[in-house]
Amino acid sequence: MNEFAEKLQLYFSYPFVWYALIVGLLIALCSSLLGVTLVLKRFSYIGDGLSHVAFGAMAVAGLVGLTNDMYIVLPITVLSAVLLLRTGQNAKINGDAAIAMISVGALAVGYMLMNVFPSSANITGDVCTTLFGSTSILTLKETDVIVCIIMSIVVIAAFLLFYHKIFAVTFDENFMKAAGVKAGVYNLIIAIITALIIVLAMNLVGSLLISALIIFPALSAMRLFRSFRSVVICSACVSVFCAGTGIFTSIMAGTPVGSTIVVTDIAVFFIFCLLSLFGRRKAG
Amino acid sequence: MRKYIKGAVPVLLAGAMLCSCSDNTIADRNTMIDDIINEAVSSAEAENSAAISSVEEKAAEAASKAETTTAAVTAVTKNSPSSQENAPGMNEPVDMDLTTMNATMIYSIIYDLMIKPNDYYGKSFMVDGYFDTMSNDELGTRYFFVVVPDATACCVQGLEFKLPEGKVYPDDFPEPGTDIRVRGVLGSYEELGQSYAYIQADTMTVL
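The listed protein sequences correspond, in order, to chains Z and F.
If you count the first sequence from 1, you need to add 221 to reach our numbering.
If you count the second sequence from 1, you need to add 39 to reach our numbering.
Put into structure tokens, the structure is as follows:
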């Protein structure tokens, strides 16, 4: 026990461990807030689709030779999010088909570009880092943390400010339009925020595991709560708890950060399922 | 008021995106290790050249101490696994004992070391990894590395080390890929106008 405490003290003496924890918790909080809306709008898989788009955009940035690929990754991801969320319902190819098409298409093109025009000697490492996050979250710099804090504040502020509108867009977009409210504007805001979160979360869990960060907390919360507000609050708590526990476990046990967070999310989901089952039996 | 705040949100979102654009989070993840070392060390040098020189003096002093100590002991042991415990100086405490840490932390610390070497110069290290070597034919120099993979085993960090003078490759070194433990003091050296961090090893043990 003493040894464990000493190790804990030693690990937390490194600033990058604190950076990982701060950024991880903020990303988890932001992703869970929007997760409820995305799950209810039946866009659970959009995180996966957009992260694959970001992966493809990164490959293009490597091909162009940009040292900072965010100049390409962020605009393309935002554009894709807008196309999927705003026009998805009216387009000829809609919903899950559009997401699936963009997802696998971007992944394939990105991987092909990375192999045909390699920007580094370690293609396997690059792909693995992008897809699974690797230890990216533990290699953050002060500027990364500051950017993440600013973006998180913007995301949380936007969510709180437009809470009622997001609620309305989530449940009945047509009624909102009929009432004269510009539903498209709020869908656009949701799309931009979603893209921001995806790009942020790629550092934490990698592009293949982002969907888990978005959907699991929301689905867990829905096992126990019924109202939109309580589901959002519970989802945020679950997400922050799982991210904190996952990061802590991976630091202490040496497991990969992203997958440890997702495994914690899965465990909590099953615990909530059991609690829901017991709750129903008791009520019955 | 609420209307103005609502109007400001898209602007804030755009601002956040621009902030993100000025950041190089993900780009850095994909940069080659050498590029990271070169970039980080050169930028750090430009900013703190005075600080670096004092740190380097310390590191050189510590490294020379290590070399002096090593002169009296056998630097390389290629014996049975138990030899690591008997290797000279292996049981003495070090500032950064990476052998007791897990893969995630080791990888992260070495990455941090590459980005901010000034924080680590002059500190004694003990690190496990596998041995690798490469040579620069133009300069006629051979470099030796202890390579540490991350937890997912898809990324590796190579930490350069130098054995005390008199050790010859390949006689005094193991085969590339062999698990080794390196112990020494972190210093830096200049080559072609670039600074590189390395461990001035007093011992290298085959595990």
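Note that the Cβ used here is the ideal one computed from N, Cα and C, for glycine as well.
Keep in mind that this is a model prediction, so the values were computed, not measured.
Per DSSP, reduced to three states, the secondary structure at residue 230 of chain F is strand. Taking the CA atoms as reference points, residue 376 of chain Z sits about 12 Å from residue 384 of chain Z. Under the three-state reduction of DSSP output, residue 402 of chain Z falls in the coil class, being neither helix nor strand. Using a Cβ-Cβ distance cut-off of 8 Å, the region 388-403 of chain Z and the region 223-234 of chain Z are not in contact, since fewer than three pairs of beta carbons, one from each stretch, lie closer than that value. Within chain Z, no residue has its CB atom less than 7 Å from the CB of residue 238 of chain F, the nearest being about 19 Å off. Its Cα nearest to that of residue 252 of chain Z, the residue Z/432 stands out among Z/499, Z/432, Z/470. For the 9 Å CB-CB criterion, residue 468 of chain Z and residue 478 of chain Z form a contact. Among the bridge pairs identified by DSSP, residue 167 of chain F is matched with F/220. Our two residues, residue 245 of chain F and residue 168 of chain F, have alpha carbons roughly 10 Å apart in a direct line.
Per DSSP, reduced to three states, the secondary structure at residue 181 of chain F is strand. Scanning chain Z for C-beta atoms nearer than 8 Å to the C-beta of residue 143 of chain F yields 356, 359, 471, 472, 475, 476, 477, 478, reported in chain order. DSSP places residue 204 of chain F in no alpha helix (DSSP H); its state is neither H nor E. Cα atoms of residue 449 of chain Z and residue 144 of chain F: separation of roughly 40 Å, rounded to the nearest angstrom. Residues of the region 232-265 of chain Z that bring their beta carbon within less than 9 Å of a beta carbon in chain F comprise 232, 235, 236, 237, 238, 241, in sequence order. Nearest to residue 188 of chain F by alpha-carbon distance, out of F/200, F/154, F/201, F/170, is F/170. Cα atoms of residue 371 of chain Z and residue 363 of chain Z: separation of roughly 13 Å, rounded to the nearest angstrom. Within the model, the alpha-carbon separation for residue 378 of chain Z versus residue 248 of chain Z is close to 14 Å. When F/160, F/213, F/172 are compared, the shortest CA-CA separation from residue 228 of chain F is found for F/160. For residue 183 of chain F, same chain residues with a beta-carbon under 6 Å away, outside a window of 5 residues either side, are 172, 200 in chain order.
In this structure, the alpha-carbon of residue 358 of chain Z lies about 14 Å from that of residue 142 of chain F.
Under DSSP, residue 237 of chain F forms a beta bridge with F/226.
In this structure, Z/404 is the residue among Z/404, Z/243, Z/382 with its C-alpha nearest to the C-alpha of residue 391 of chain Z.
The beta carbon of residue 228 of chain Z sits closer than 9 Å to some beta carbon of chain F. Taking 8 Å as the Cβ-Cβ cut-off, the region 149-172 of chain F approaches chain Z at 150, 151, 154, given in chain order.
Sorting Z/461, Z/452, Z/367, Z/326 by C-alpha distance to the C-alpha of residue 482 of chain Z places Z/461 at the top. In this chain, the alpha helix (DSSP H) harbouring residue 150 of chain F covers 142-154. Between the beta-carbon of residue 439 of chain Z and that of residue 302 of chain Z there is about 18 Å, and that puts the pair past the 8 Å contact cut. The residues 238, 472, 473, in chain order, have a CB closer than 8 Å to that of residue 232 of chain Z in the same chain once the five nearest residues on each side in sequence are set aside. Residue contact check for residue 362 of chain Z against chain F: a CB pair falls below 9 Å. Per DSSP, the unbroken alpha helix (DSSP H) holding residue 228 of chain Z starts and ends at 223-232. In the DSSP assignment, residue 175 of chain F is bridged to F/180. Contact between residue 274 of chain Z and residue 297 of chain Z is confirmed by a C-beta separation of about 6 Å, below the 8 Å threshold.
With a threshold of 16 other beta carbon atoms within 10 Å, residue 176 of chain F falls short and is exposed.
When the five nearest sequence neighbours on each side are left out, the beta carbons in the same chain lying within less than 7 Å of the beta carbon of residue 493 of chain Z are those of 441, 444, 445, in order along the chain.
Against residue 147 of chain F, the close residues of chain Z are 237, 356, 359, 360, in the order they occur along the chain (beta-carbon pairs closer than 7 Å).
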